[in-house]
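First residue of the sequence shown: 1, per the UniProt record's numbering; consecutive thereafter. Glycine is no exception: its CB is placed at the ideal position from the N, C-alpha and C atoms. Bear in mind that the values here come from a model prediction, so they are computed numbers and not experimental data.
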Amino acid sequence: MSRHLERDMDRLQSSILSLSSQVEAMIDKAMLVLCDRRFSLASEVEADDDAIDQEETRIEEECLKMLALHQPVAIDLRRIATVLKINNDLERVADLAVNIAERAQGFGQFPEFEIPPMLRDMSIAAVNMLRRSLDSFVHLDAQMARQVRMMDNEVDDFNIAIIDQLQTTMQQHSALVAPALHCFSAARHLERIGDLATNIAEDVIYLVEGEIIRHKHDPGPTVMTNKHS
Numbered sequence: 001m002s003r004h005l006e007r008d009m010d011r012l013q014s015s016i017l018s019l020s021s022q023v024e025a026m027i028d029k030a031m032l033v034l035c036d037r038r039f040s041l042a043s044e045v046e047a048d049d050d051a052i053d054q055e056e057t058r059i060e061e062e063c064l065k066m067l068a069l070h071q072p073v074a075i076d077l078r079r080i081a082t083v084l085k086i087n088n089d090l091e092r093v094a095d096l097a098v099n100i101a102e103r104a105q106g107f108g109q110f111p112e113f114e115i116p117p118m119l120r121d122m123s124i125a126a127v128n129m130l131r132r133s134l135d136s137f138v139h140l141d142a143q144m145a146r147q148v149r150m151m152d153n154e155v156d157d158f159n160i161a162i163i164d165q166l167q168t169t170m171q172q173h174s175a176l177v178a179p180a181l182h183c184f185s186a187a188r189h190l191e192r193i194g195d196l197a198t199n200i201a202e203d204v205i206y207l208v209e210g211e212i213i214r215h216k217h218d219p220g221p222t223v224m225t226n227k228h229s
């Protein structure tokens, strides 16, 4: 790798890590809107998304410029291609955070509705997946990336448990169907965030090993860390 390409790659990596941190903060803020009913934060999440969109465009343009200027090959080419994919996935995660915050505002009409505590735990698990998937990229650690794929089982299990709880709530309290559906939507968005983190991990495995494993599933055991019922 030439000195100029190495410098540009370092700058690109810093940009994608900064973007990831901003997206994680958006998820945390959206969950405050949802779980703590801090509805005033919803507008901040939307404003953050506008900034994310602009940064996503800037990073994409930087990647394309590097491809044209340096004409990288082999691992360097794959690294830039991986950044392009991660960049797109992070923008999609930001959109999901906005959707969660928008849905959460509907709970203002249902003060008696109790948000399932597992939703917060699910968001923590999803954000942890996202963070570790970026760590695996920085360290070019395929083993860590494979661990992220396994972590998706826990997020999926949270989703199933939350849906079961919400279905029971809707059956027992017809007046709470609307807020239960809002929670159902939030859980689905968090599950999707886990899926996007898995996509990033799979791209890292391809980057490091040259193996395309998307659409292959590891059937390993799942350990639930949540104690809520």
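Cutoff 6 Å; reference residue i; Cβ partners in own chain excluding five residues on either side
{"i": "Asp152", "result": "Gly194, Thr198"}
{"i": "Lys227", "result": "Because Lys227 carries a pLDDT of 40, less than 50, the predicted location of this residue cannot be relied on, and the following value inherits that uncertainty. Taken in chain order, the list of residues that qualify is empty."}
{"i": "Asn165", "result": "Checking the sequence shown, residue 165 turns out to be Gln, not Asn. Closer than 6 Å at Cβ, skipping near neighbours: Pro116."}
{"i": "Ile213", "result": "Glu202, Ile205"}
{"i": "Ile200", "result": "Ile86, Asp89, Ser133"}
{"i": "Arg78", "result": "Leu207"}
{"i": "Ala125", "result": "Glu154, Val155"}
Own chain, CB closer than 7 Å to residue i, minus 5 neighbours either side, in chain order
{"i": "Ser185", "result": "Arg103"}
{"i": "Ile16", "result": "Ile59, Val83, Ile86, Asn87"}
{"i": "Phe107", "result": "Arg37, Phe113, Pro179, His182"}
Neighbour-count burial assignment, residue i, 16 or more Cβ in a 10 Å radius
{"i": "Ile80", "result": "buried"}
{"i": "Glu112", "result": "exposed"}
{"i": "Leu196", "result": "buried"}
{"i": "Gly73", "result": "In the sequence under discussion, the amino acid at residue 73 is Val, which differs from the Gly named in the question. Its Cβ having fewer than 16 others within 10 Å, Val73 is exposed."}
{"i": "Ser10", "result": "In the sequence under discussion, the amino acid at residue 10 is Asp, which differs from the Ser named in the question. So Asp10 counts as exposed."}
{"i": "Leu64", "result": "exposed"}
{"i": "Ala101", "result": "buried"}
Which of helix, strand or coil DSSP assigns to residue i
{"i": "Val73", "result": "coil"}
{"i": "Phe110", "result": "coil"}
{"i": "His189", "result": "helix"}
{"i": "His4", "result": "helix"}
{"i": "His182", "result": "helix"}
{"i": "Arg214", "result": "coil"}
Cβ distance (whole Å) where residue i is taken to contact residue j below 8 Å
{"i": "Leu19", "j": "Asn87", "result": "7 Å"}
{"i": "Asp49", "j": "Val98", "result": "5 Å"}
{"i": "Ser123", "j": "Leu190", "result": "6 Å"}
{"i": "Lys29", "j": "Leu41", "result": "5 Å"}
Cβ-based neighbour list, residue i, same chain, cut-off 8 Å, excluding 5 preceding and 5 following
{"i": "His70", "result": "Ser2, His4, Leu5, Asp8, Asp76"}
{"i": "Asp36", "result": "none"}
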